[in-house]
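For UniProt numbering, add 5 to where a residue sits in the sequence shown, where the first one is 1. Glycine included, C-beta positions come from ideal geometry on N, C-alpha and C. Please read all numbers here as calculations on a predicted model, not as lab measurements. First up is the structure itself, then whatever we jot down about it.
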Amino acid sequence: TASQIVLGLETSCDETAAAVVRLGADGHVEVLSSTVASQIAAHAPYGGVVPEIAARAHVESIDAIAGEALKTAGLGYGDLTGVAATAGPGLVGGVMVGLSFGKAVALARGLPLIAVNHLEGHAVSARLGADIPYPFLLLLVSGGHCQLLSVDGVGACRRLGTTIDDAAGEAFDKIAKTLGLPYPGGPALEALAEGGQPERFPLPRMLLGRKDCDFSFSGLKTAAARLAEGLTSDVDRRDLAASVQTAIAGQLCERSDRAMAAYAIEHEGRGLRFVVAGGVAANRTVRARLEATAKGRGFSFTAPPLAYCTDNAAMIALAGAERLALGQADPLDAPARPRWPL
Ligand code: KG4
Ligand code: ZN
6 TASQIVLGLE TSCDETAAAV VRLGADGHVE VLSSTVASQI AAHAPYGGVV PEIAARAHVE
66 SIDAIAGEAL KTAGLGYGDL TGVAATAGPG LVGGVMVGLS FGKAVALARG LPLIAVNHLE
126 GHAVSARLGA DIPYPFLLLL VSGGHCQLLS VDGVGACRRL GTTIDDAAGE AFDKIAKTLG
186 LPYPGGPALE ALAEGGQPER FPLPRMLLGR KDCDFSFSGL KTAAARLAEG LTSDVDRRDL
246 AASVQTAIAG QLCERSDRAM AAYAIEHEGR GLRFVVAGGV AANRTVRARL EATAKGRGFS
306 FTAPPLAYCT DNAAMIALAG AERLALGQAD PLDAPARPRW PL
């Protein structure tokens, strides 16, 4: 197969993003550009993402962001071999903006369109920064998702576990709110926790000992909210933030450890690789604890570069390029899918 040069478009939540990625015939991955326009400031007054504001902001900036991504890559639309756009899951108004833009480019330039599942983008994101071959065990932890997946290739994922209530990022965001921190709560909570005492506040260890790979954060959220009410000093708030961060990291490790044990048996004698991806993978405590867990099970550990943990278009472009290399593409009437499980 020839090399692929794909424009990726991501508009499923609160970032308008475009990127150009080259996937060589030898499988080598090169990010030629990755542009992200964050809408955080527009949503911050509301304490969360407002779908209508998000959709309008995507409409206003998608053309310029895509143009910037091509300019930075030193390419024009004529140099592309394909266009990949997030087609779901996510806020449907936003998804439609990026997907429609991608369809227009594909139609105008006679290029193949790849309608990419946002989760599949996160699943391949670690391959943007390191040469990780398939298969690998993936922990996907973002604002909307918390899953353990056995990944054999693009489009070949098997789910080993998922959350039965909130996603890990959602837990970070909601608990951060009760601590009076601004949206998005995850990075703010990590900053507050700096230097805090993680053993100070006892928090429930959810699903401990349960014989599957599912997650649950609702009990932790309730307990943290109750503790937050009684706090008066900044030191208290700092220690609670540290305790919460450690509790979330602890559950991610405990469930991942179970999944690694099962995965290792299935993949005996082959290279054991553990990958973490998604916004929560940007958290340094989470990364460090998961790395130690992986080492303990004889797995290599990989996390994407920080810029590719949170939403970006390079991961969408790469997922599209990998599909194109397999000879796959989608029709121009591919629908936007608000729900789309992997
Ligand atoms: O992957 P992402 O950008 O969007 C989704 O697809 O959901 O993930 C966003 C989530 C938010 O919940 C955010 O608070 C969380 O990732 N997050 C973090 C950190 N950076 C982002 N959580 C904890 N610590 C961080 N440093
Ligand atoms: Zn995401």
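Boundaries (first-last residue) of the alpha helix (DSSP H) holding Leu75: Note, Leu75: alpha helix (DSSP H), 56 to 78.
Integer Cβ distance of Pro94 from Trp345, believed to fall under 8 Å: Distance from Pro94 to Trp345 at the Cβ level is roughly 4 Å; contact confirmed, criterion being Cβ atoms closer than 8 Å.
Range covered by the beta strand (DSSP E) that runs through Pro97: Rather than Pro, the amino acid found at residue 97 in this sequence is Val. No beta strand (DSSP E) holds Val97; the alpha helix (DSSP H) holding it covers 97 to 114.
The ligand ZN heavy atom lying under 7 Å from the CB of Ser39: For the ligand ZN, no non-hydrogen atom lies closer than 7 Å to the CB of Ser39.
Cβ separation of Ser147 and Ala172, assumed to be a contact under 8 Å, to the nearest whole Å: Sure, about 6 Å apart at Cβ, within 8 Å.
Val97 versus Gly274: straight-line alpha-carbon distance, rounded: Taking the straight line joining both Cα atoms gives about 43 Å.
Collapsed DSSP secondary structure at Cys18 in the structure displayed: Looking at Cys18 - three-state DSSP - the assignment turns out to be coil, as it is neither helix nor strand.
Per-residue burial, His127 [other beta carbons within 10 Å of its own, 16 or more giving buried]: Buried is the call here.
Distance cut-off 7 Å: Gly93 Cβ against heavy atoms of the ligand ZN: No.
DSSP-derived helix/strand/coil call for Asp338: DSSP places Asp338 in the coil class of the three-state scheme, outside both helix and strand.
Outcome for Ala334 when other beta-carbon atoms lying within 10 angstroms are tallied against a minimum of 16: Ala334 is classed as buried because its beta carbon has at least 16 other beta carbons within 10 Å across all chains shown.
First and last residue of the uninterrupted alpha helix (DSSP H) at Ile180: First-last of the alpha helix (DSSP H) with Ile180: 173 to 183.
Environment of Val156 [buried if 16+ CB atoms lie within 10 Å]: Buried is the label assigned to Val156, since at least 16 other Cβ atoms lie within 10 Å of its Cβ.
With 16 other Cβ atoms within 10 Å as the buried cut-off, status of Ile321: The C-beta of Ile321 has 16 or more other C-beta atoms within 10 Å across all chains shown, which makes the residue buried.
beta-carbon Cys18 near the ligand KG4 non-hydrogen atom, thresh 7 Å: At a cut-off of 7 Å, the beta-carbon of Cys18 counts as near the ligand KG4: some heavy atom of the ligand is closer than that.
Any non-hydrogen atom of the ligand ZN closer than 7 Å to His123 Cβ: In this structure, the C-beta of His123 approaches the ligand ZN to less than 7 Å from one of its heavy atoms.
Distance CB(Leu212)-CB(Ser223) smaller than 8 Å: Not closer than 8 Å, so no.
Assumed close pair Gln250, Glu195 - CB separation to whole angstroms, cut-off 8 Å: Contact between Gln250 and Glu195 holds: their C-beta atoms lie close to 7 Å from each other, under 8 Å.
Three or more C-beta pairs below 8 Å linking the region 126 to 144 and the region 282 to 294: Yes, they touch.
Chain-ordered list of residues that sit, by beta carbon, closer than 5 Å to a heavy atom of the ligand KG4: Those satisfying the condition are, in chain order, Ser147, Gly148, Gly149, Gly174, Phe177, Asp178, Pro189, Gly191, Pro192, Glu195, Gly283, Gly284, Val285, Ala287, Asn288, Thr315, Asp316.
DSSP-derived helix/strand/coil call for Gly93: It is a strand residue.
Reference Val34, options Leu347, Pro336, Glu327, closest by Cα: Proximity to Val34 across Leu347, Pro336, Glu327 peaks at Glu327, based on C-alpha coordinates.
heavy atom of the ligand ZN below 7 Å from His127 C-beta: Yes, the beta carbon of His127 sits closer than 7 Å to at least one heavy atom of the ligand ZN.
At least 3 beta-carbon pairs within less than 8 Å: the region 136 to 154 vs the region 258 to 275: Contact between the region 136 to 154 and the region 258 to 275 is present, because at least three Cβ pairs lie under 8 Å.
Length of the line joining the Cα atoms of Gln9 and Thr315: Their backbone Cα atoms lie some 24 Å apart in a straight line.
Residue burial classification, Leu347 (beta-carbon count within 10 angstroms, cutoff 16): Leu347 comes out buried.
Selected residue, minimal CA-CA separation from Phe279, among Ile169, Ala247, Phe304: Comparing Cα positions, the closest option is Phe304.
Collapsed DSSP secondary structure at Gly87 in the structure displayed: It is a strand residue.
Short Cβ contact (8 Å threshold) for Ile70 with Ala22: It is a contact, given that the beta carbons lie within the stated cut-off.
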